[in-house]
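Visitor: Chains as they are written, first to last, in our numbering: chain A, 33 to 174; chain C, 33 to 174; chain B, 241 to 319; chain L, 241 to 319.
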């Protein structure tokens, strides 16, 4: 399951939906809006998605993880809109019989989501400036 | 923070306690009671701890993770007593500026907890039998 | 041919609109982008962008058809 | 000397109690375990166990002192 969501994620429901009698390990990753980026103090973020393709590519990534790793289930949601410091931007959850594959699949999903899903973020800085953020892969090449 | 707990973990509180304005990544691991182990159908589990040493060693492991990895905070709780299928036995949560170290530290903590903290589990099987489970490290040597 | 274009993120800011319909003789996304760039003066160049046709990732040299939805995408920055 | 012993998991089941106080001339945990094993016939051998003295992991040859709390631990199986 992958979804672009416009309101806060229901973490209790996301977790219950993944609960499975056969699962021994459950790994989650949450991306939170942090108060700084590349030396600038951040006030809030705005996420924007190209919804049709974002949902399609996000679903493809979750399906790839299910095929690649010996896991039971996986899910991912990504927020759009204005987010304050500390708010959840992205959530990934994976269940498996053993923890090894749950960790690996969770990591795979968040890594792929960040570089392949058409979502962009604009940072609003304490200085009053704002700007669209370069992609993670581009930033690491600098 | 490490704690042996005798009642269900308060996941909302555990998460809020780790929330930090500087954190961009939050990784959790949960160990759930699963309905099978080594070919046997499991009805429920009973966890028993040597509390004084378990709390001391668990706290040491969390402190090691804080020292070894560039993370913001880490916490772990482990249940004792009778647990039904699907219930949470162990929880680890780690916050960091970036996700790399959050994943690595979360993995480190659960790996160490399983082999170093004096906690034991008894499995009650559908067959009517029950038995104390060999340690994970011992089982993998078989 | 007629194409529907959607803009996101900095491209939307620079185009001044989130969508437009254009008449063009462009046969592929590369030609179409070049035309639109002449109008909007985007700060990103073609090699920094990806393109989708009808909600699927496409190559810059794919054949365009009448009524296609074409989206030029800045580097992804989710998460 | 007098030692307090605590038992957990299968050792508790086999000892039939979770704690006992014993008088012993054992000078180290290895000697003490050997004595207790003669009484309780544990199914685990010393090399399968770890030992703690006064809530700290210890070696089998550590010096025991009067009133020490000694705990023999089966292989850990948390998580």
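Don't be surprised by glycine CBs; every beta carbon is placed ideally from N, CA and C.
How would you call residue 272 of chain B, buried or exposed, if buried means at least 16 neighbouring beta carbons within 10 angstroms?
Guide: Translated into the one-based positions of the third chain, residue 272 of chain B becomes position 32. Classification of residue 272 of chain B: buried, given that the 10 Å Cβ count is 16 or more.
Visitor: Give the DSSP bridge partners of residue 318 of chain B, in chain order.
Guide: Start at 1 with the first residue of the third chain, and residue 318 of chain B comes out as number 78. Its beta-bridge partners do not exist; DSSP assigns none.
Visitor: Please report the straight-line C-alpha distance between residue 111 of chain A and residue 41 of chain A, rounded to a whole angstrom.
Guide: The count along the first chain starts at 1 and reaches residue 111 of chain A at position 79. The count along the first chain starts at 1 and reaches residue 41 of chain A at position 9. Answer to the nearest angstrom: the Cα atoms are 8 Å apart.
Visitor: With DSSP as the reference, label residue 135 of chain A as helix, strand or coil.
Guide: Position 103 of the first chain, counting from 1, holds the residue named residue 135 of chain A. DSSP places residue 135 of chain A in helix when its eight states are reduced to three.
Visitor: Quick one: which unbroken alpha helix (DSSP H) runs of 4-plus residues sit fully inside the segment 60-129 of chain C? Chain order, please.
Guide: 83-100
Visitor: Report yes or no: do the segment 241-257 of chain B and the segment 285-298 of chain L share at least 3 C-beta pairs separated by less than 8 Å?
Guide: Contact between the segment 241-257 of chain B and the segment 285-298 of chain L is absent: fewer than three C-beta pairs spanning the two stretches fall below 8 Å.
Visitor: Might you give, ordered along the chain, the residues of its own chain that have their beta carbon closer than 8 Å to the beta carbon of residue 87 of chain C, omitting 5 neighbours on each side?
Guide: Translated into positions along the second chain, residue 87 of chain C becomes position 55. If we look at residue 87 of chain C and ignore the five residues flanking it on each side, its Cβ neighbours are 34, 35, 36.
Visitor: Which residues, taken in chain order from the segment 115-142 of chain C, show a beta carbon closer than 9 Å to some beta carbon of chain L?
Guide: 121, 122, 142
Visitor: From the DSSP output, read off the bridge partner residues of residue 162 of chain C.
Guide: In the second chain, residue 162 of chain C corresponds to position 130, counting from 1. Answer by DSSP bridge pairing, in chain order: C:156.
Visitor: Residue 275 of chain B lies in the beta strand (DSSP E); which residues open and close that run?
Guide: The residue labelled residue 275 of chain B in the question sits at position 35 within the third chain. Per DSSP, residue 275 of chain B belongs to no beta strand (DSSP E); it is in the alpha helix (DSSP H), 269-280.
Visitor: Please confirm if residue 103 of chain C has its CB atom under 8 Å from at least one CB of chain L.
Guide: Reading the second chain from its first residue, position 71 is the one you call residue 103 of chain C. By this cut-off, residue 103 of chain C is not an interface position.
Visitor: To the nearest angstrom, how far is the alpha carbon of residue 171 of chain A from that of residue 165 of chain A?
Guide: Taking the first residue of the first chain as position 1, residue 171 of chain A is located at position 139. Taking the first residue of the first chain as position 1, residue 165 of chain A is located at position 133. At residue 171 of chain A the pLDDT is 44, less than 50, meaning the model places this residue with poor confidence; the figure from the coordinates comes in the next sentence. Cα to Cα, the separation comes out at about 9 Å.
Visitor: Verify whether the separation of the beta carbon atoms of residue 82 of chain A and residue 150 of chain A is less than 8 Å.
Guide: Translated into positions along the first chain, residue 82 of chain A becomes position 50. Translated into positions along the first chain, residue 150 of chain A becomes position 118. In contact: residue 82 of chain A and residue 150 of chain A (Cβ atoms closer than 8 Å).
Visitor: Residue 55 of chain A versus chain C: which residues are under 7 Å apart at the beta carbon?
Guide: For the purposes of this step, residue 55 of chain A is taken as residue 23 along the first chain, with counting starting at 1. Residues of chain C passing the Cβ test: 64, 66.
Visitor: Does the beta carbon of residue 286 of chain L come closer than 8 Å to any beta carbon on chain C?
Guide: As a first step, residue 286 of chain L must be located in the fourth chain, where it is residue number 46. So, not an interface residue.
Visitor: Residues in the same chain with beta-carbon distance under 6 Å from residue 156 of chain A, minus the five sequence neighbours each way, listed in chain order, please.
Guide: Reading the first chain from its first residue, position 124 is the one you call residue 156 of chain A. Only 75, 76, 162 meet the Cβ criterion.
Visitor: I'd like to know if residue 82 of chain C contacts chain L, where contact means its C-beta is closer than 8 Å to some C-beta of that chain.
Guide: As a working mapping, residue 82 of chain C is identified with position 50 in the second chain. Interface residue, yes.
Visitor: Using a Cβ-Cβ cutoff of less than 7 Å, which residues in the same chain neighbour residue 54 of chain C once the five nearest sequence positions on both sides are dropped?
Guide: For the purposes of this step, residue 54 of chain C is identified with residue 22 of the second chain, where counting begins at 1. Answer for residue 54 of chain C: 104, 129, listed in chain order.
Visitor: Which residues in chain C sit within 9 Å of residue 58 of chain A, going by Cβ to Cβ distance?
Guide: If you number the first chain from 1, residue 58 of chain A lands on position 26. Neighbours of residue 58 of chain A on chain C, chain order: 60, 61, 62, 63, 64, 120.
Visitor: Any idea which residues DSSP pairs residue 291 of chain L with across the strands?
Guide: For the purposes of this step, residue 291 of chain L is taken as the residue at position 51 of the fourth chain. For residue 291 of chain L, which the question treats as bridged, DSSP gives the partners L:298, L:312.
Visitor: Which of the residues in the segment 286-314 of chain B, read from start to end, lie with their CB under 7 Å from any CB of chain A?
Guide: 292, 295, 311, 313, 314
Visitor: Bridge partners of residue 261 of chain L, per DSSP?
Guide: The sequence position of residue 261 of chain L within the fourth chain is 21, counting from 1. L:244.
Visitor: Taking only beta carbons into account, state which residues of the segment 143-164 of chain C come closer than 8 Å to chain L, listed in chain order.
Guide: 145, 146, 147, 148, 149, 150, 151, 152, 153, 154, 164
Visitor: Since residue 87 of chain A meets chain C, which of its residues come closer than 9 Å, beta carbon to beta carbon?
Guide: Your numbering for residue 87 of chain A matches position 55 in the first chain. Those within 9 Å of residue 87 of chain A in chain C number zero; the least Cβ separation is about 23 Å.
Visitor: Report, in whole angstroms, the separation of the C-beta atoms of residue 302 of chain L and residue 268 of chain L, which I expect to be a contact under 8 Å.
Guide: As a position in the fourth chain, residue 302 of chain L is number 62, starting the count at 1. As a position in the fourth chain, residue 268 of chain L is number 28, starting the count at 1. The pair is a contact, with the Cβ atoms about 6 Å apart (cut-off 8 Å).
Visitor: Can you grab the Cα-Cα spacing for the pair residue 91 of chain C / residue 249 of chain L, in whole Å?
Guide: Position 59 of the second chain, counted from the start, is the residue given in the question as residue 91 of chain C. Position 9 of the fourth chain, counted from the start, is the residue given in the question as residue 249 of chain L. Rounded to the nearest angstrom, the two C-alpha atoms are 22 Å apart.
Visitor: Using a 10 Å radius around the Cβ and a threshold of 16 neighbouring Cβ atoms, would you call residue 133 of chain A buried or exposed?
Guide: As a first step, residue 133 of chain A is located in the first chain; it is residue number 101 there, counting from the start. With 16 or more Cβ atoms within 10 Å of its Cβ, residue 133 of chain A is classed as buried.
Visitor: Taking 8 Å as the limit between beta carbons, can you name the residues of its chain near residue 94 of chain C, skipping five residues before and five after?
Guide: Here the question's residue 94 of chain C lines up with position 62 in the second chain. Cβ neighbours of residue 94 of chain C beyond the five flanking positions: 33, 34, 106, 107, 108, 141.
Visitor: Answer with buried or exposed for residue 138 of chain A, where buried requires no fewer than 16 other C-beta atoms within 10 angstroms of its C-beta.
Guide: Looking up residue 138 of chain A in the first chain gives position 106. Buried, because 16 or more other Cβ atoms sit within 10 Å of the Cβ of residue 138 of chain A.
Visitor: So with Cβ pairs under 8 Å, would you call residue 256 of chain B a contact of chain A?
Guide: Here residue 256 of chain B is taken as the residue at index 16 of the third chain, counted from 1. So no, residue 256 of chain B is outside the interface.
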